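Working notes for the structure below.
There are 2 protein chains.
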Amino acid sequence: MAKEYSVVNWLPHISVDCVIFGFHENQLKVLLLKFKNTDVWSVSGGFVKSDEDMDQAASRVLFERTGLKDIYLEQFYTFGDVKRNQGAIQQHAQIQEKIGESGVDTSFLSDRYISIGYYALVDFSKVKVNLDQMSDVFSWNDIYDIPTMFLDHRAIIDKALERLRWSLDQKLLAFNLLAETFTMSELQQVYETILGKKLVRTNFQRKILSMDILVRLEKRYLGGAHKAPYLYRFDVKKAKVYLSQVEY
Amino acid sequence: MAKEYSVVNWLPHISVDCVIFGFHENQLKVLLLKFKNTDVWSVSGGFVKSDEDMDQAASRVLFERTGLKDIYLEQFYTFGDVKRNQGAIQQHAQIQEKIGESGVDTSFLSDRYISIGYYALVDFSKVKVNLDQMSDVFSWNDIYDIPTMFLDHRAIIDKALERLRWSLDQKLLAFNLLAETFTMSELQQVYETILGKKLVRTNFQRKILSMDILVRLEKRYLGGAHKAPYLYRFDVKKAKVYLSQVEY
DNA sequence: CCAAAAGTGTTGCAACTACACCCATGG
DNA sequence: CCATGGGTGTAGTTGCAACACTTTTGG
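Top line first, the protein sequences correspond to chains B and D.
Everything in the first sequence is counted per the numbering used here, starting at 1 for the first residue and increasing by one.
Everything in the second sequence is counted per the numbering used here, starting at 249 for the first residue and increasing by one.
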């Protein structure tokens with residue numbers, strides 16, 4: 001009772017899972033957390049406060065994990081099977097035992113949860129990862145190399161990726177994974193790693209430039225013995241014009 | 249306590265809203281219910297049992313409302329703003345008062361709910377609508393003529409329609425809105441009403457027939473003073489072959 | 001000089017659009 | 001006969017894929 005004034009009211013049986021994508025070393029990566037003393041990984045999850053929009057809850061989870069605000073977030077699917085955790089009963093027991101040792105209350109792990117899935121696109125270089133209470137390690141995993149995941153988190157990642165591929169061109173999402181300025185070949189590599197296939201440079205360049213959504217800046221000098229590439233910046237206003245012109 | 253053995257356990261703060269589409273009089277219709285003694289309409293909603301998958305809950309809601317099973321259902325979005333009901337406080341008060349008169353407990357109307365949105369595609373001629381406790385009238389409304397809706401149900405319908413347009417070709421959904429057999433021009437009208445634009449008959453016909461997903465049956469004789477149209481049946485097996493052949 | 005970067009040109013394919021036009025047929 | 005249904009042909013367009021080729025330039 002003494003602490004009641006500070007008790008946060010969480011909506012029961014509802015969670016938010018946030019698949020965080022980043023681009024690094026020419027590959028698309030997902031941020032994963034490992035439960036303490038186990039080999040089980042998970043995406044970043046959280047709960048929803050009773051006075052909080054779901055989108056806000058997802059933003060909060062993302063902020064807690066990465067320190068970033070104003071990040072691209074998209075809700076993609078809600079996972080609500082009773083047996084989402086089927087085949088993971090042992091996983092539960094193992095995790096509860098291992099984490100329980102550190103004094104964290106893990107009883108919620110065996111409750112039924114309906115989880116609203118979001119994915120986030122972040123500038124890898126800006127992320128400062130904070131672990132949660134139950135995790136001791138984090139990792140940026142290549143999307144084609146996902147380890148054993150908690151519950152149905154593998155399916156959640158797959159569905160997120162499917163939707164990301166989908167929205168990539170429709171919403172010009174690739175730029176959310178890059179720094180402020182980038183070269184054309186970096187952009188092409190983002191496309192290639194997300195779509196999982198090689199693209200022809202000349203055609204890709206033509207396509208992107210014809211959208212008229214980029215501003216070309218000075219060149220990037222790295223001291224290589226060759227011509228320096230141009231840097232580009234994504235122009236939000238131009239992008240809006242472009243997106244509004246695309247028919248539907 | 250005497251009734252405790254039969255009490256169903258519902259997940260709190262979670263609801264399922266089901267947008268039911270049908271095709272009638274050459275138009276795409278949505279099934280709406282009107283709250284007793286009010287002018288406020290809603291789509292078909294329900295709650296989720298604690299031992300029930302979300303998809304099952306949606307199927308159950310659909311069955312209760314239409315008497316139909318094994319119907320195409322697709323989850324399309326989850327609505328979770330705290331103020332989903334903003335601007336509808338008066339709506340609440342009005343509805344609670346009006347419906348309260350008939351002895352139905354409506355206290356849940358003012359709770360916060362996270363609603364998982366599904367849409368269903370039904371054969372209009374097979375539906376036998378059952379009202380729920382709170383409604384006294386139902387109506388199949390043209391999608392371009394939606395009345396004042398409960399809470400954010402207008403936004404829910406719009407989002408469902410957007411997704412339906414989207415999945416129409418990808419998943420060959422049009423056939424779910426037609427009877428077992430249908431003519432080519434009926435099919436074309438389904439496409440036209442969903443997409444909201446006229447299509448050129450010859451091109452449409454070529455496109456559909458080239459998919460090789462239909463079986464042509466005998467002609468339909470209605471006694472008109474002109475050539476009778478062919479009837480077609482959708483062939484599920486052929487459709488699967490077609491969909492698996494379409495690249496991505 | 002030379003390797004990387006940037007850009008142009010062209011060819012061919014596939015899909016779609018818009019029409020013109022023809023044949024079939026029920027009553 | 002004739003209104004409706006069913007189908008073919010085709011010309012123009014667009015977008016994209018593939019690839020050859022040229023030009024630029026940092027060090």
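The beta carbon of each residue, even a glycine, is placed where N, CA and C say it ideally should be.
As the structure is a prediction and not an experimental result, all values here were calculated from the model.
request  = Pick out the complete beta strand (DSSP E) segments inside the stretch 181-226 of chain B, 3 residues or longer, and give them in chain order.
outcome  = 214-219
Contact list for Val-95 of chain B against chain D, beta-carbon separation under 9 Å = By one-based count along the first sequence, residue 95 of chain B stands at place 95. First, the amino acid is wrong: residue 95 of chain B is Ile here, not Val. Those within 9 Å of Ile-95 of chain B in chain D number zero; the least Cβ separation is about 23 Å.
request  = Please say whether Lys-407 of chain D and Tyr-325 of chain D have beta carbons closer to each other than 7 Å?
outcome  = The sequence position of residue 325 of chain D within the second sequence is 77, counting from 1. The sequence position of residue 407 of chain D within the second sequence is 159, counting from 1. Their beta carbons are under 7 Å apart, which means Tyr-325 of chain D touches Lys-407 of chain D by this criterion.
ask   = Using the C-alpha atoms, what's the distance from Leu-131 of chain B back to Ile-362 of chain D?
value = Walking along the second sequence from the start, residue 362 of chain D turns up at place 114. Walking along the first sequence from the start, residue 131 of chain B turns up at place 131. Roughly 28 Å between the two C-alpha positions.
message = Is Met-382 of chain D close to chain B? Criterion is C-beta to C-beta, closer than 7 Å.
response = Within the second sequence, residue 382 of chain D is the residue found at index 134, counting from 1. No, because no Cβ of chain B sits closer than 7 Å to the Cβ of Met-382 of chain D.
Neighbouring residues, chain D, relative to Ser-50 of chain B (Cβ below 9 Å) = The count along the first sequence starts at 1 and reaches residue 50 of chain B at position 50. Taking the beta carbon of Ser-50 of chain B as reference, the chain D residues within 9 Å of it are His-261, Val-330 and Arg-360, listed in sequence order.
message = Going by the DSSP bridge assignment, what does Val-16 of chain B pair with across the sheet?
response = Taking the first residue of the first sequence as position 1, residue 16 of chain B is located at position 16. BP columns for Val-16 of chain B point to B:Gly-46 and B:Ile-116.
request  = Going by CA-CA distance only, name the one from B:Phe-47, B:Lys-238 and B:Gln-75 that's closest to Asn-9 of chain B.
outcome  = Along the first sequence, read from residue 1 onward, the residue named residue 9 of chain B stands at position 9. Out of B:Phe-47, B:Lys-238 and B:Gln-75, B:Phe-47 has the C-alpha closest to the C-alpha of Asn-9 of chain B.
message = Check whether chain B comes within 7 Å of Thr-441 of chain D, counting only Cβ atoms and requiring the distance to be less than that.
response = Residue numbering aside, residue 441 of chain D sits at position 193 when the second sequence is read from its first letter. False, the Cβ-Cβ gap to chain B never drops below 7 Å.
Contact set between Gln-75 of chain B and chain D, taken where Cβ atoms lie within less than 8 Å = The count along the first sequence starts at 1 and reaches residue 75 of chain B at position 75. Those are Tyr-325 and Thr-326, listed as they occur along chain D.
Within chain B, the residues that Ile-364 of chain D reaches when beta carbons sit closer than 9 Å = Translated into positions along the second sequence, residue 364 of chain D becomes position 116. Within chain B, the residues near Ile-364 of chain D are Thr-78, Gly-80, Ile-114 and Ile-116.
query = Tyr-242 of chain B by DSSP, collapsed to three states: which one?
reply = As a working mapping, residue 242 of chain B is identified with position 242 in the first sequence. Tyr-242 of chain B falls in the helix class under three-state DSSP.
inquiry  = Please identify the residue among B:Ile-208, B:Ala-179 and B:Thr-193 whose C-alpha is closest to the C-alpha of Val-127 of chain B.
reply    = Taking the first residue of the first sequence as 1, we reach residue 127 of chain B at position 127. It is B:Ala-179.
query = Sorted by chain position, which residues of the same chain lie with C-beta nearer than 6 Å to Arg-84 of chain B's C-beta, five sequence neighbours on each side aside?
reply = Working through the first sequence from its first residue, we reach residue 84 of chain B at position 84. Taken in chain order, the residues that qualify are Leu-151 and Asp-152.
key: Those residues which DSSP pairs with Val-385 of chain D across a bridge   = The residue labelled residue 385 of chain D in the question sits at position 137 within the second sequence. Val-385 of chain D pairs with D:Lys-282.
Residue closest to Ala-239 of chain B, alpha-carbon to alpha-carbon, out of B:Phe-175, B:Phe-182 and B:Lys-197 = Here residue 239 of chain B refers to the residue found at position 239 when the first sequence is read from its first residue. Out of B:Phe-175, B:Phe-182 and B:Lys-197, B:Phe-175 has the C-alpha closest to the C-alpha of Ala-239 of chain B.
ask   = Which first and last residues belong to the alpha helix (DSSP H) in which Arg-402 of chain D is found?
value = Position 154 of the second sequence holds residue 402 of chain D. First-last of the alpha helix (DSSP H) with Arg-402 of chain D: 401-418.
inquiry  = Once DSSP output is grouped into helix, strand and coil, what is the label at Asp-390 of chain D?
reply    = Walking along the second sequence from the start, residue 390 of chain D turns up at place 142. The answer is strand: DSSP assigns Asp-390 of chain D an E or B state.
inquiry  = With a threshold of 7 Å between beta-carbons, can Asp-169 of chain B be considered close to chain D, or not?
reply    = As a working mapping, residue 169 of chain B is identified with position 169 in the first sequence. Chain D contact via Cβ: absent.
ask   = In the stretch 136-168 of chain B, which residues sit with their C-beta less than 7 Å from some C-beta in chain D, listed in chain order?
value = none
ask   = Which of helix, strand or coil does DSSP assign to Phe-234 of chain B?
value = Residue mapping note: residue 234 of chain B aligns to position 234 of the first sequence, counting from 1. Residue state, collapsed to three classes: strand.
ask   = Who are the near neighbours of Asn-37 of chain B in its chain, counting only those whose CB is closer than 6 Å to its CB and skipping five residues on each side?
value = As a working mapping, residue 37 of chain B is identified with position 37 in the first sequence. Answer for Asn-37 of chain B: Lys-98, listed in chain order.
inquiry  = Distance check for Arg-360 of chain D and Val-309 of chain D, CA to CA, integer angstroms please.
reply    = Residue 309 of chain D sits at position 61 when you count from the first residue of the second sequence. Residue 360 of chain D sits at position 112 when you count from the first residue of the second sequence. If I take the Cα positions, the gap works out to 20 Å.
query = How would you write the range of the beta strand (DSSP E) that Thr-78 of chain B sits in, first residue to last?
reply = Here the question's residue 78 of chain B lines up with position 78 in the first sequence. Unbroken beta strand (DSSP E) run through Thr-78 of chain B: 72-79.
message = If you reduce the DSSP assignment to three classes, tell me which class Gly-22 of chain B lands in.
response = Along the first sequence, one-based indexing puts residue 22 of chain B at 22. If DSSP states are grouped into helix, strand and coil, Gly-22 of chain B belongs with the strands.
key: Test: Asp-301 of chain D CB closer than 7 Å to a CB of chain B   = For the purposes of this step, residue 301 of chain D is taken as residue 53 along the second sequence, with counting starting at 1. Yes, because at least one Cβ of chain B sits closer than 7 Å to the Cβ of Asp-301 of chain D.
ask   = Can you check whether the CB of Leu-369 of chain D is closer than 7 Å to the CB of Thr-429 of chain D?
value = For the purposes of this step, residue 429 of chain D is taken as the residue at position 181 of the second sequence. For the purposes of this step, residue 369 of chain D is taken as the residue at position 121 of the second sequence. No, the Cβ-Cβ distance between Thr-429 of chain D and Leu-369 of chain D is not below 7 Å.
ask   = Asn-274 of chain D to Val-438 of chain D, Cα distance in whole Å?
value = For this step, residue 274 of chain D is matched to residue 26 along the second sequence. For this step, residue 438 of chain D is matched to residue 190 along the second sequence. Approximately 7 Å, taken between the alpha carbons.
task = May I have the straight-line CA-CA distance separating Val-30 of chain B from Ser-167 of chain B, to the nearest angstrom?
result = By 1-based counting over the first sequence, the position of residue 30 of chain B is 30. By 1-based counting over the first sequence, the position of residue 167 of chain B is 167. Spanning the two alpha carbons is a distance of roughly 17 Å.
query = Leu-357 of chain D by DSSP, collapsed to three states: which one?
reply = Position 109 of the second sequence, counting from 1, holds the residue named residue 357 of chain D. Here Leu-357 of chain D sits in helix by DSSP.
ask   = Got a sec, what are the start and stop residues for the alpha helix (DSSP H) Met-302 of chain D sits in?
value = Taking the first residue of the second sequence as 1, we reach residue 302 of chain D at position 54. Its alpha helix (DSSP H) spans residues 302-314.
query = Between Gln-94 of chain B and Leu-33 of chain B, what straight-line distance do the alpha-carbon atoms span, to the nearest angstrom?
reply = Here residue 94 of chain B refers to the residue found at position 94 of the first sequence. Here residue 33 of chain B refers to the residue found at position 33 of the first sequence. Roughly 16 Å separates the two Cα atoms.
query = Under a Cβ-count criterion, where at least 16 other Cβ atoms within 10 Å of its own Cβ denotes burial, should Gln-91 of chain B be classed as buried or exposed?
reply = What you label residue 91 of chain B is simply residue 91 of the first sequence in a count that begins at 1. Buried, since its Cβ has 16 or more Cβ neighbours within 10 Å.
key: Per-residue DSSP class, three states only, for Leu-425 of chain D   = Within the second sequence, residue 425 of chain D is the residue found at index 177, counting from 1. If DSSP states are grouped into helix, strand and coil, Leu-425 of chain D belongs with the helices.
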